[in-house]
Amino acid sequence: MRDWKKILGGLAMACLLAACQTDDWREARGGIRISLGEASVGVETKSTPEELGKPLTTEFNVRVVKEGGSEIYNGKFPDETIPASAGTYTVTASYGENAGIAWDAPYYEGTTEEPVVVKDGETATATVTCKVANALFSATFPPAEEMEKAYEAYGLKVTVGSTSMTFKPGEMRHIYVKAGSAVKYAFAYTRLSGEEGEAPLTSDELPTAPEAGTHYTIRLTMDDKLGLDISKVDAEEVSISETIPLEWLPAPKVNGFDGRNSVVYTETAAPISAVLAFSGSHTIQDVEFSFEFADAQNQFQALNEKIFKLSELSEEDRTLLNAASIILPTLDGTNKGQFDFTAMTGNLQTNAGAETVNKIKLRVQANNRWSSEAPEAYEIKTVAPKFKVDAYPGNIWTKEFTMNALREEQVESGDFNKLSSDMTYQFSANGSSNWENLGDDLKKGGLTPGTTYYIRGLYRGEVPGDVAEVELYEQFQIPNSSLDEGYTSTNPKRNNPLYIFNGNWIDTRNELTCHSDGANVFYVSKSSTLPINDNGSTVAHMMVIGWGAGNTCDFGKKRNSIINNISSGFVCVGDYDANSNVIKAKEAYIRPTSLTFTYKASPYNGDEYLVEATLLNITDGVETIIGEGKLQSGTSVGSYITQSLDITYNESAKELPISHVKVLFQAGTEEDRDHLEDEFRDFSGWETITAYASAYIIGSQFWLDSFKFNYDK
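Position in the sequence shown (from 1) plus 31 gives the number in my numbering.
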């Protein structure tokens with residue numbers, strides 16, 4: 032056994048027992064006041080790991096029992112006098128848990144050797160000497176070079192009941208066993224071949240029921256067959272009232288980061304608490320530490336491949352550690368300390384976004400024991416900040432887009448100010464490779480319509496954010512926008528065609544004006560938009576027209592005729608509902624810059640024709656105008672011309688994508704009698720009903736040859 036260091040002479044409890052005239056607690060006039068002698072303060076060095084640093088005078092449990100078995104006190108060491116009556120008492124003191132088997136768990140216990148007699152009105156003194164009440168096991172092994180010829184790992188296995196613990200070479204801890212326990216011993220091993228096993232150890236010297244206050248050192252030797260044998264078992268008795276070896280004290284302990292082995296820091300975030308604390312049951316003698324920084328920054332790499340001892344640090348060492356913002360503990364004669372890495376965390380970086388694991392390897396020495404055979408590793412992991420950029424739909428076109436700079440709400444983790452101050456914005460065709468830096472305007476052009484591209488932010492040129500998709504709008508032309516793909520017709524009445532343009536995208540008001548009610552004459556029911564051949568192609572001829580059941584034609588004149596309804600004919604991109612007289616937009620993912628159309632027009636009596644293109648977002652039935660172009664004019668156009676109508680987009684709606692489109696070409700905007708001609712057309716006479724059948728009355732006219740969307744960007 033190693034040299035012993037004198038810590039504690041004995042534990043004396045002076046019990047001042049004042050007599051009472053009755054056994055009734057409430058009527059006791061005297062009492063018991065328990066105090067510990069000065070030497071007992073040394074028991075502090077025997078504290079279990081959970082109680083390190085606390086004065087153990089108050090941690091001892093005291094039990095006072097009166098003859099006959101009546102317990103008058105059982106609790107922590109009392110500061111105040113315990114009331115008691117006259118009689119004979121036994122005082123017991125204990126500290127710790129008397130576990131069956133455990134690492135570094137000494138248990139102390141003591142009882143008065145003689146009963147303490149308290150006489151009425153007198154004071155009695157009792158002395159309790161505490162001793163180690165469990166047994167301590169350790170082992171010595173043959174030289175490592177011999178054992179390593181046959182074994183990869185090995186140790187002495189000590190078993191009590193169903194619990195086993197293995198004492199390995201270099202083990203700094205000790206196995207404590209409850210006195211009197213049935214103990215079994217074995218040699219546990221792993222051979223070089225990988226075979227694992229254990230061999231029971233038997234010897235008359237091995238204690239089968241270890242005695243309290245005894246340290247058993249089992250000395251093992253190797254025989255000629257590379258087996259293990261017991262050469263000797265040393266048994267030495269010790270007590271608290273004598274000298275106590277430092278090796279009996281629990282090894283110092285590294286408590287980690289608030290009990291954890293690792294903490295996680297997000298690059299760019301505010302520094303996190305990263306205090307690596309340690310403590311011992313005795314004065315800290317030294318700290319051995321080293322680093323394995325995966326962080327590639329110079330101030331951290333300079334610390335790798337070095338082993339530091341706190342007691343031997345040079346000025347150069349301290350300069351390096353200070354450059355890394357590491358706050359060191361000091362050897363100040365106390366039994367605890369800490370490394371503070373909090374400031375350091377604020378400087379940590381990932382490896383181009385990949386997690387870096389920065390290891391601190393540490394062991395602490397106190398009472399001539401290290402906290403572990405080899406330094407234990409603790410980790411500060413650095414993970415990438417999480418952020419994602421985007422492009423507003425209002426900045427996405429058919430052949431180009433402009434993305435947005437990073438916004439604060441797009442940062443899920445990390446610091447927005449740090450990220451945005453060193454952010455590069457990138458573009459990729461496939462989202463995984465060939466990333467291209469965008470210019471200061473964050474614009475990318477020359478792209479393929481309807482294609483999905485990818486964007487991301489790149490912090491400090493290395494740390495990528497999440498990838499976002501940018502889907503360009505389609506370069507789409509409305510089917511049958513030339514009108515040359517034809518039309519079909521039905522006949523609500525005989526010889527009264529209702530015309531429908533092919534393609535399922537172009538609609539008219541014919542469903543309203545050409546109906547099946549009333550007389551079979553055109554001034555009652557007629558298509559307000561007619562397909563005709565003109566300008567070398569199919570043209571939609573639109574008219575403001577009078578219609579409705581009950582209409583009359585007074586000798587071909589307007590003045591006395593009944594005209595119940597007046598409506599303008601139109602061509603629209605959409606679905607027209609005659610019942611509600613509403614045009615419903617068509618679903619389309621497009622963002623044209625303008626609308627070009629070929630037409631001529633003949634407004635009547637100050638009326639105006641209307642051309643309108645509207646791009647919409649319709650979500651949950653709510654319509655929002657994203658862009659629109661409008662032409663309303665009363666100027667006559669006698670010959671076909673081609674005109675472009677620019678579409679202006681609403682900046683306030685830039686966060687909404689376009690989902691629908693609606694286009695309208697309307698012959699007139701005034702739908703009243705004043706804007707109808709004075710005479711019916713195709714009225715051939717008044718003498719027969721047939722003369723009236725072809726008569727109809729109109730106002731403004733508009734001829735549409737074709738139209739198309741333009742996609743300039």
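Here a beta-carbon is modelled for each residue, glycine too, at the ideal position from N, C-alpha and C.
For L379, collect the residues of the same chain with a Cβ closer than 6 angstroms to its Cβ; drop the 5 residues on either side in sequence, then sort them by chain order.
-> Same-chain partners within the cutoff: Y296, D326 and T413.
Is any heavy atom of the ligand ZN found at a distance shorter than 6 angstroms from the C-beta of D472?
-> The model on display carries no ligand, and the ligand ZN is accordingly not part of it.
Could you pull out every residue in the same chain whose Cβ sits closer than 7 angstroms to the Cβ of E183, ignoring the five residues on either side in sequence?
-> So the list reads T221, R222 and L223, once near-sequence residues are dropped.
Return the chain-ordered list of same chain residues with a C-beta closer than 6 angstroms to the C-beta of T479, the five sequence neighbours on each side being excluded.
-> Closer than 6 angstroms at Cβ, skipping near neighbours: no residue.
Is the CB-CB distance between Y504 and I621 below 7 angstroms?
-> Less than 7 angstroms separates the beta-carbon of Y504 from that of I621.
Selected residue, minimal CA-CA separation from L646, among Y640, G665 and L626 | Minimum Cα distance to L646 is reached at L626.
contact_flag[the segment 609 to 623, the segment 691 to 703] where n(CB pairs < 8 angstroms) is 3 or more = Judged by Cβ distances under 8 angstroms, the segment 609 to 623 makes contact with the segment 691 to 703, as three or more pairs qualify.
If we ignore side chains and look at the alpha-carbon of each, how far apart do E639 and E654 end up?
-> A straight line joining the alpha-carbon of E639 with that of E654 spans about 27 angstroms.
From the DSSP output, which residues share a beta bridge with R400?
-> Its beta-bridge partners are A397.
Just to confirm, are S262 and H205 a CB contact at a threshold of 7 angstroms?
-> Cβ atoms of S262 and H205: not closer than 7 angstroms.
Outcome for Q697 when other beta-carbon atoms lying within 10 angstroms are tallied against a minimum of 16 = So Q697 counts as buried.
Cβ neighbours of L735 in the same chain (closer than 6 angstroms, five flanking residues each side left out) | Excluding positions up to five away in sequence, the list reads A571, V602, Y630 and F696.
Inter-residue Cα distance where the pair is S342 and L362 = Each residue's Cα considered, the two are about 8 angstroms apart.
By Cβ distance, which residues of its chain are closer than 8 angstroms to E236, with the 5 residues on each side in sequence left out?
-> I261, K263 and V264.
Is the segment 134 to 143 touching the segment 162 to 178, taking contact as three or more C-beta pairs under 8 angstroms?
-> Using a Cβ-Cβ distance cut-off of 8 angstroms, the segment 134 to 143 and the segment 162 to 178 are in contact, since at least three pairs of beta carbons, one from each stretch, lie closer than that value.
Looking at C-beta atoms only, is the number of pairs between the segment 388 to 397 and the segment 434 to 449 that lie closer than 8 angstroms three or more?
-> Short answer: they don't touch.
Exposure label - T429; buried when at least 16 CB within 10 Å = Buried.
By Cβ distance below 8 angstroms, which residues in the same chain neighbour T700 in space, the five residues on each side in sequence not counted?
-> Around T700: S599, D638, E639, Y640, L641 and Q663.
What residue ranges within the segment 416 to 487 form continuous beta strand (DSSP E) runs of no fewer than 3 residues, ordered along the chain?
-> Look at the segment 416 to 487 and you find these whole runs of beta strand (DSSP E), each 3 residues long or longer: 442 to 444 and 454 to 459.
Sequence-distant residues of the same chain with beta carbon closer than 7 angstroms to P688, five excluded per side | Only P424 and N648 meet the Cβ criterion.
Output the boundary residues of the beta strand (DSSP E) element that contains D371.
-> Going by DSSP, D371 is part of the beta strand (DSSP E) stretching over K367 to D371.
Start-to-end residues for the alpha helix (DSSP H) that takes in E542 | That run of the alpha helix (DSSP H) goes N541 to T544.
Range covered by the beta strand (DSSP E) that runs through Q506 | Neither: Q506 is in no beta strand (DSSP E) and is coded neither H nor E.
Opening and closing residue of the alpha helix (DSSP H) in which T350 lies = T350 -> alpha helix (DSSP H) spans E346 to A354.
List the whole-angstrom C-beta distance separating A305 from T376, where the pair is believed to meet the contact cut-off of C-beta under 8 angstroms.
-> A Cβ-Cβ separation of about 5 angstroms places A305 in contact with T376 under the 8 angstroms criterion.
Cutoff 7 angstroms; reference T381; Cβ partners in own chain excluding five residues on either side | Contacts found: E298, T387, T413, V414, A415 and V494.
Rounded C-alpha distance that separates V420 from N741 = Cα to Cα, V420 sits roughly 29 angstroms from N741.
Three-way DSSP call (helix, strand, coil) for Q328 in this model = Q328: coil per DSSP, three-state reduction.
Taking the CB atoms as reference points, tell me whether N335 and F324 lie closer together than 7 angstroms.
-> Yes, the pair counts as a contact, with Cβ atoms nearer than the cut-off.
Are the segment 119 to 133 and the segment 228 to 248 in contact at 8 angstroms, needing three or more beta carbon pairs?
-> Counting C-beta pairs with one atom in each stretch, the segment 119 to 133 and the segment 228 to 248 have fewer than three that are closer than 8 angstroms, which means they do not touch.
How about T583: is its C-beta nearer than 7 angstroms to some C-beta of chain C?
-> Going by chain labels, chain C is absent from the structure shown, which holds only one protein chain.
Across which residues does DSSP place A124 in a beta bridge pair?
-> Under the DSSP definition of a beta bridge, A124 partners with V93 and G141.
Thinking just about the alpha-carbon of each residue, which of E702, K744 and K739 is nearest to the one in S731?
-> Minimum Cα distance to S731 is reached at E702.
Alpha helix (DSSP H) segment containing M196, residue limits = Segment T194 to F198 is the beta strand (DSSP E) holding M196; no alpha helix (DSSP H) there.
Sorted by chain position, which residues of the same chain lie with C-beta nearer than 7 angstroms to P173's C-beta, five sequence neighbours on each side aside?
-> Taking P173 as the centre and dropping the five residues before and after it, the same chain places the C-beta of L251, T252 and M253 closer than 7 angstroms to its C-beta, in chain order.
Cut-off 8 angstroms between Cβ atoms - residues of its own chain near F322, not counting five sequence neighbours on either side | Result list for F322: F331, L334, N335, K337, N389, K390, I391 and K392, in chain order.
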